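Here the protein sequences line up with chains X and U, keeping their order. Each residue of the first sequence is one higher than the one before, starting from 1 at the first, in our numbering. Each residue of the second sequence is one higher than the one before, starting from 168 at the first, in our numbering.
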Amino acid sequence: MISEALKTHISSRVIEIYLNGFNHARSPIGVFSCGQRFPNLEELKLAFVDFGVGIPATVRAYLDKPTMTSKNALEWAFTPGHTTRDIIDNVARGNGLKLLNKFIEANNGKLEIYSDTGYARIGIDQPYFADRTIIFQGTFVQITLKCDSKHYTLANEEDFDSEELLF
Amino acid sequence: MPTPIFNTIGAYCITMEDGQKIYDLIHPQLKAHEKVDLDFDSVEIVASPFLNAAIGQLLRDLSSDELNTYLKFSNLSPFVRPTLKHVIENAKTYYTNPAYQRAVDSVLQEEANVSNDD
Chain X
1 MISEALKTHI
11 SSRVIEIYLN
21 GFNHARSPIG
31 VFSCGQRFPN
41 LEELKLAFVD
51 FGVGIPATVR
61 AYLDKPTMTS
71 KNALEWAFTP
81 GHTTRDIIDN
91 VARGNGLKLL
101 NKFIEANNGK
111 LEIYSDTGYA
121 RIGIDQPYFA
131 DRTIIFQGTF
141 VQITLKCDSK
151 HYTLANEEDF
161 DSEELLF
Chain U
168 MPTPIFNTIG
178 AYCITMEDGQ
188 KIYDLIHPQL
198 KAHEKVDLDF
208 DSVEIVASPF
218 LNAAIGQLLR
228 DLSSDELNTY
238 LKFSNLSPFV
248 RPTLKHVIEN
258 AKTYYTNPAY
268 QRAVDSVLQE
278 EANVSNDD
């Protein structure tokens, strides 16, 4: 069983991916998503796909580096604080992938992204980025999560002291 | 007197637009050095764009000391707390480093212009 708390937490993180898709991709068909839970394995697999411009193209345009490889562009996108989203009223952004990344790591899960010729894998050993020969026109994301609460402890994701000052 | 987020936004706090509503509500009070108790009771989902607009943006013209003194969070789930911390750290870097802010804004504005021309 997935606890209510874990369910809402997973939902919060997954929503970050949807927001990334809608905000960044300029995908004419929106974002397609499907998922399946494997009860015996206690795993939840979620897949998202859009047919937008792809993460590497967005990063290249933003950095004005037309020759940047897809691999390097994906690595850039996973660096905390990096965002290509235009700013509304000068509000700081750029948390989505970092938060998702931490959640995946704490959850012993796996995140794979195929976008243009780039490939990124988070959650098994060190983050892995590569350039592939096959092009995917858009972005495909697959997440594998352990959905049993015993595989997940909040302390793994972030140590916190409820008395600490937040600002 | 708590300010219940649920009453203004509902259970799903996701978008920057909804975050802006909370910012508009609490920013004048905090500027006037009135205490604000932001209550997350009954809020189920909180995503970073909401927090960027509602909370991160406060650091534009309020100091950490002011916010630690006058802004309190109630019923903040331990699952939301790490997200809030990341948003605050990110906003601090952005708002306390004018050179960084100018550089980011100018490049993003160029990108926004390109997008609008599509």
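We put the CB at the ideal spot given by N, CA and C, even for glycine. Keep in mind it's a predicted model, so treat the numbers as computed, not measured.
Per DSSP, reduced to three states, the secondary structure at E256 of chain U is helical. Uninterrupted alpha helix (DSSP H) stretches at least 4 residues long and entirely within the stretch 55-79 of chain X occur at 55-63, 70-77, given in chain order.
It is roughly 11 Å from the alpha-carbon of K239 of chain U to the alpha-carbon of E201 of chain U.
About 6 Å separates the Cβ atoms of T8 of chain X and I212 of chain U, confirming a contact at the 8 Å cut-off. Per the Cβ contact rule, the stretch 132-148 of chain X is in contact with the stretch 107-121 of chain X (3 or more Cβ pairs under 8 Å). DSSP places D232 of chain U inside the alpha helix (DSSP H), whose first and last residues are 231-237. DSSP places D191 of chain U in the helix class (H, G or I) of the three-state scheme. The shortest CA-to-CA distance from R13 of chain X to any of U:S215, U:S244, U:T260, U:N235 is the one to U:S215.
The DSSP-derived three-state label of Q196 of chain U is helix. Bridge partners of K146 of chain X according to DSSP: X:E43. For T263 of chain U, DSSP assigns no beta-bridge partner whatsoever.
Using a Cβ-Cβ cut-off of 9 Å, S11 of chain X counts as an interface residue toward chain U, since at least one Cβ of chain U sits closer than that to its own. For I172 of chain U, the enclosing alpha helix (DSSP H) stretches over residues 172-175. Under a criterion of Cβ atoms nearer than 7 Å, the residues of chain X adjacent to S231 of chain U are, in order, F167. Relative to P56 of chain X, the option among X:A47, X:D125, X:I135, X:L166 whose CA is nearest is X:I135. Using a 10 angstroms sphere on the CB of T139 of chain X, the tally of other CB atoms reaches 16 or more, which defines it as buried. The three-state secondary structure of F103 of chain X, taken from DSSP, is helix. Under the three-state reduction of DSSP output, Q126 of chain X falls in the coil class, being neither helix nor strand.
Contact residues of the stretch 191-216 of chain U toward chain X are E211, I212, V213, A214, S215, P216 (C-beta to C-beta distance below 7 Å). A Cβ-Cβ contact shorter than 9 Å links P171 of chain U with D208 of chain U. In the DSSP assignment, L165 of chain X falls outside any beta strand (DSSP E), carrying neither H nor E.
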